[in-house]
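Enquirer:
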Amino acid sequence: LLEALTGIEAFSGRLAAARANDDEIAAIVALHDRMEQEYGRRDRPAYFATNLAIHSAIVAASGNPELVSMHAQLSARSHRPRYSYSSDDTGWLAAMNEHRFMITSLKARDGAALADVLRRHIELVWARLSRDFMQQEPRV
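Residues in the sequence shown are numbered from 2 upward in steps of one, following the working numbering.
Next comes the structure, spelled out in structure tokens:
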């Protein structure tokens, strides 16, 4: 799941930087601005929904319906662990900073940078989740 989702998002980011029109980029930036406000209000449920919308919008901006379909399926399967990660303040700040760099890369139409930050973003989320899971006390 992780490898497929990472690959789809990274490749979609590369394509989106090259193919997205100005309106699509503006819509993604508007979502990001909304997410910044939600982050500032500490509104985790709204932030999480907007976060997912940003990832989906970047994939959609790739212009590849097959990537969009596969991403929707994989993203739906990863909601619960991704949401639990965003409930940690340290992870939340890290994710927000990664999203800021995504937007900078998209606006610059730097496909390599966008692909790289998307790949690292997903890998870091999952690495942090794995670490946190391993540190949990066993439940009886």
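We treat Cβ as the ideally placed atom computed from N, Cα and C, and that holds for glycine.
With burial defined as no fewer than 16 other Cβ atoms inside 10 Å of the residue's Cβ, what is the status of S70: buried or exposed?
Expert: Exposed, by the Cβ-count rule.
Enquirer: State the CB to CB distance for the pair H33 and I104, rounded to an integer number of angstroms; the pair is presumed to be in contact (CB under 8 Å).
Expert: Indeed they touch by this definition, with Cβ atoms about 5 Å apart.
Enquirer: Can you tell me the Cα-Cα spacing of L68 and S13, whole angstroms?
Expert: Each residue's alpha carbon lies about 7 Å from the other.
Enquirer: Taking the alpha carbon of R120 as the point to measure from, which residue in N65, H100, A27 has its own alpha carbon closest?
Expert: Among N65, H100, A27, the Cα nearest to that of R120 belongs to H100.
Enquirer: What residue range is occupied by the uninterrupted alpha helix (DSSP H) comprising G41?
Expert: Note, G41: alpha helix (DSSP H), 23-42.
Enquirer: For T91, count neighbouring Cβ atoms within 10 angstroms of its own Cβ and tell me buried if that reaches 16, exposed if not.
Expert: So T91 ends up on the exposed side.
Enquirer: Judging by CA-CA distance, which residue of A5, Y48, H56 is the nearest neighbour of E25?
Expert: Among A5, Y48, H56, the Cα nearest to that of E25 belongs to H56.
Enquirer: Check each candidate in I29, A28, L75 and name the one with the smallest Cα separation from S3.
Expert: The question names Ser, but residue 3 is Leu in the sequence shown. It is L75.
Enquirer: For the alpha helix (DSSP H) containing G64, list its first residue and its last residue.
Expert: Looking at the DSSP string, G64 is not in any alpha helix (DSSP H), and its letter there is neither H nor E.
Enquirer: Quick check on the DSSP output: the alpha helix (DSSP H) that includes L94 runs from which residue to which?
Expert: Residues 90-108.
Enquirer: Starting from S13 and walking both ways along the alpha helix (DSSP H), at which residues does that stretch end?
Expert: 3-20 is the span of the alpha helix (DSSP H), which, as asked, contains S13.
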